[in-house]
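Working notes, structure below.
Residue numbers (our numbering): -17 to 239.
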């Protein structure tokens, strides 16, 4: 988040984290919004910069949160159970007799997850081998500039869970293709299990990382270990070399840093 804030700042975009919108009013062709620090509304703050802020803007875009759209589907007639409006399913996505549900209506909220669930359910119905969806290996992508992608646990969550990890980080500023393309913002960070070598987590920000995360997702689902990835030849110059470089750093023998 700090890396993204710095990138936004360079483009003149101001980020206000730890704040909440308290009011919004239209005045002519403008919208005036009031923002306060999270906590008790109106509470005094010792930090003047964290006090309530009034912003006048041309457009206010509300792009936070989703709600299930499961009303008027006749679910009650089939005794389909709901949880806060989302359809409850079992391990095979069943929600009733000859009824299955996938995607947004069960609360997953990602198109690629819904697609995988759809394939799984279709194969179950067809009576062929159906590979369960690996919910521990779902890539999350944010399509901003620079792009963001992540998979698995963060370093903090891994430590809290008692998982020993080797952490490696490779900046795009050290990458030949990134320098040639003029896109040197960001980095690739990987967490490998210190004992088994399995991928625990990956966090990327920079050019094309929503594509790069696929290699790490494959490593997670097929249980490729850190050494196997390091000895996989990556074409040069490519953005994918950051993954190899970060993994080399995690193992303690980085070459290009």
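Glycine included, C-beta positions come from ideal geometry on N, C-alpha and C.
Assignment of residue 86 by DSSP, reduced to helix, strand and coil, places it in the helix class. With fewer than 16 other CB atoms across the displayed protein chains lying within 10 angstroms of its CB, residue 55 is exposed. Annotation for residue 34: 18 place their beta carbon closer than 6 angstroms to its own, counting only its chain and skipping 5 residues before and after. Nearest neighbour of residue 47 by Cα position, chosen from 200, 221, 90, turns out to be 90. Counting only unbroken stretches of 3 or more residues, the beta strand (DSSP E) elements lying wholly within the segment 35 to 71 are 35 to 39, in sequence order. Between the C-alpha atoms of residue 12 and residue -3 there is a straight-line separation of about 20 angstroms.
Bounds of the alpha helix (DSSP H) holding residue 107 are 93 to 108. Per the coordinates, the alpha-carbon of residue 229 lies some 25 angstroms from the alpha-carbon of residue 126. In this structure, residue 70 keeps its C-beta atom at 8 angstroms or more from the C-beta atom of residue 133. Taking the Cβ atoms as the reference, residue 162 lies roughly 7 angstroms from residue 219, within the contact range of under 8 angstroms. Residues of the same chain with a CB within less than 8 angstroms of the CB of residue 200, apart from the 5 flanking positions on each side, are 206 in chain order.
Excluding its 5 nearest sequence neighbours in each direction, residue 226 has C-beta neighbours in its own chain below 6 angstroms: 216, listed in chain order.
The Cβ atoms of residue 49 and residue 78 do not sit closer than 8 angstroms to each other. At the C-beta level, residue 135 and residue 179 stay beyond 8 angstroms of one another. Where residue 227 is concerned, the enclosing alpha helix (DSSP H) starts and stops at 223 to 232. The Cβ neighbour count for residue 185, taken over all protein chains shown within 10 Å, is at least 16; the residue is labelled buried. In the DSSP assignment, residue 8 falls within the beta strand (DSSP E) that extends over 1 to 9. Secondary structure remark: continuous alpha helix (DSSP H) runs of at least 4 residues inside the segment 131 to 169, in chain order: 137 to 142, 158 to 163. Taking C-beta atoms under 8 angstroms as the contact rule, residue 224 and residue 170 qualify, at a distance of about 4 angstroms. Just measuring C-alpha positions, the residue of 168, 52, 181 sitting nearest residue 209 is 181.
Short of 8 angstroms from the beta carbon of residue 177, and not among the five residues preceding or following it, lie these beta carbons of its own chain, in chain order: 146. In the same chain as residue -11, and ignoring 5 residues on each side of it, the C-beta atoms closer than 6 angstroms to its own belong to 128, 167, in chain order.
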